[in-house]
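Numbering (full-length UniProt numbering), first residue to last: 1 to 293.
All remarks here apply to the structure that follows.
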Amino acid sequence: LKQSHLQCSDWARLPFLMANLLGGQGLEAGSVPGIFDVPVQDGAPMRMTPLELDMQLQCAELVFRSILEGKRLGVTESQDVDKWHAEVLGEDWVRQNNKQRKEIAQRVRMNGENTPEWMESFSAMGDVAWEVFAAGVNGEILRKLKDVDRTEVLEQFKDLLPRVSTSFYARCGAADRLYGLRACIAVFRLFLDDPEVLQAMVSCLKWILSDSEYSRRSITELCLPLPPAERRLDTRERGWAFLRAAFDAYLVQLGEQPHSWRPEDTNAACVDTSLASEGEEEEQEEEEKKEDA
1 LKQSHLQCSD
11 WARLPFLMAN
21 LLGGQGLEAG
31 SVPGIFDVPV
41 QDGAPMRMTP
51 LELDMQLQCA
61 ELVFRSILEG
71 KRLGVTESQD
81 VDKWHAEVLG
91 EDWVRQNNKQ
101 RKEIAQRVRM
111 NGENTPEWME
121 SFSAMGDVAW
131 EVFAAGVNGE
141 ILRKLKDVDR
151 TEVLEQFKDL
161 LPRVSTSFYA
171 RCGAADRLYG
181 LRACIAVFRL
191 FLDDPEVLQA
201 MVSCLKWILS
211 DSEYSRRSIT
221 ELCLPLPPAE
231 RRLDTRERGW
241 AFLRAAFDAY
251 LVQLGEQPHS
261 WRPEDTNAAC
271 VDTSLASEGE
281 EEEQEEEEKK
291 EDA
């Protein structure tokens, strides 16, 4: 599941999810119009719009609920998915969705999505994330340093550097999924005693964040819980993770102790992990008070 999350697009996952759910009802997915119709732009699958993603998730929920209730859903005779959208969801929904499609297509062209440079960087960041993160009980968790292949992480960043330093499309691909930026934060956390790995990662990260307000904003807003805590799907982005991790690595490279955390399997003594989450807990308490008010 984690590997599919790193490598598959929304369009690749959801239609097959729907097919599996329909199969549980004894229906053939091929009999449902439009279930495998993937919008294509310049020969490559387009991203789902927020409206399309919401519609697919609601349909999946409806099918799953009907399976639990022992009911069988009817199948529409319409063979045109756009016509079905207009009939069921309304013309206003179609207009808004077409507007979102144009915006996404424009952003895809601007970022060079699916170009060789974009794809290579996208894949490299996914490989780094695969090395530093593991699937926990309820979500994503930071691996122990002893379980991370240092050579693989180092080589990935060395191979990535000439791409992101010369291609804007490569920088966009590297930062396209937030797990890639979280992986950079994780490298700060895990390799704070390793200047070679830190230098390789930071050299790439500087290029990835240059000329991209989206990338800079995203990495500063990310939340990366410290082990044994896991990052769940409902984890709110509270920020501070990048700044704290970078500051810890900076202190260690100066010969000082990290302010918040050190990997438990390094030679140095661990620092109380409560320091790292203290700020986040205070922010959460303030948010809860505002919500109660």
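Ideal Cβ positions, reconstructed from N, Cα and C, are used throughout, including at glycine.
Query, Result
"What's the call for proline 225, buried or exposed, on a 16-neighbour Cβ count within 10 Å?", "buried"
"Distance check for threonine 49 and residue 294, CA to CA, integer angstroms please.", "Since the first residue of the chain shown is 1 and the last is 293, residue 294 is not available in this structure."
"Classify arginine 189 as buried or exposed, calling it buried when 16 or more other Cβ atoms lie within 10 Å of its own Cβ.", "buried"
"Which same chain residues end up closer than 8 Å to serine 218 when comparing Cβ atoms and leaving out the 5 residues on each side of it in sequence?", "Ala175, Leu178 and Leu181"
"Can you say whether leucine 233 is buried or exposed, counting buried as having 16 or more other CB atoms within 10 angstroms of its CB?", "exposed"
"So what does DSSP say about alanine 175, is it helix, strand or coil?", "coil"
"Reducing DSSP to helix, strand and coil, say where phenylalanine 133 ends up.", "strand"
"Spatial neighbours of valine 94 within its chain, please: CB distance less than 6 Å, with the 5 preceding and 5 following residues excluded, ordered by chain position.", "His85 and Ala86"
"Can you tell me whether arginine 231 is helix, strand or coil according to DSSP?", "strand"
"Return helix, strand or coil for leucine 254, following the three-state DSSP convention.", "coil"
"Aspartate 211: buried (16+ other C-beta within 10 angstroms of its C-beta) or exposed?", "exposed"
"Between leucine 136 and glutamate 230, how many whole angstroms is the CB-CB distance? I'm expecting something under 8 Å.", "Per the sequence shown, residue 136 should be read as glycine rather than leucine. 4 Å between Cβ atoms; contact."
"Exposed or buried, aspartate 82, counting other C-beta atoms within 10 Å across all chains shown (16 or more means buried)?", "exposed"
"Taking contact to mean 3 or more Cβ pairs, one atom from each stretch, closer than 8 Å, check whether the stretch 163 to 175 and the stretch 108 to 122 are in contact.", "yes"
"Assuming valine 63 and leucine 73 make a contact with CB atoms under 8 Å, what is their CB distance in whole Å?", "6 Å"
"When the distance is taken between beta carbons, is phenylalanine 242 closer than 8 Å to leucine 201?", "In the sequence on display, residue 201 carries methionine and not leucine. Result no, Cβ atoms of methionine 201 and phenylalanine 242 do not sit closer than 8 Å."
"Secondary structure at glutamate 140, three-state DSSP: helix, strand or coil?", "strand"
"Report yes if the C-beta distance between serine 203 and leucine 161 is below 8 Å; otherwise report no.", "yes"
"Cα-Cα, which of Arg150, Leu205 and Pro228 is closest to serine 165?", "Leu205"
"Going by the CB atoms, is the gap between alanine 183 and aspartate 159 shorter than 8 Å?", "no"
"Considering just the uninterrupted stretch of the alpha helix (DSSP H) at serine 203, what are its terminal residues?", "195 to 209"
"Can you check which of these residues, Thr235, Asp149, Val252 and Trp240, is closest to proline 195 by C-alpha distance?", "Val252"
"For arginine 47 and aspartate 193, what's the separation of their Cα atoms in angstroms?", "40 Å"
"Ends of the alpha helix (DSSP H) at phenylalanine 157?", "150 to 166"
"Is it right to say glutamine 199 is buried, meaning 16 or more other beta carbons lie within 10 angstroms of its own, or is it exposed?", "exposed"
"Judging by CA-CA distance, which residue of Leu222, Ala60, Ile185 and Leu209 is the nearest neighbour of tyrosine 250?", "Ile185"
"Determine the closest residue to valine 153 out of Phe168, Glu140, Cys59 and Phe133, with distance taken between C-alpha atoms.", "Phe133"
"Can you give the Cα-Cα distance for glutamine 100 and tyrosine 169, rounded to whole angstroms?", "22 Å"
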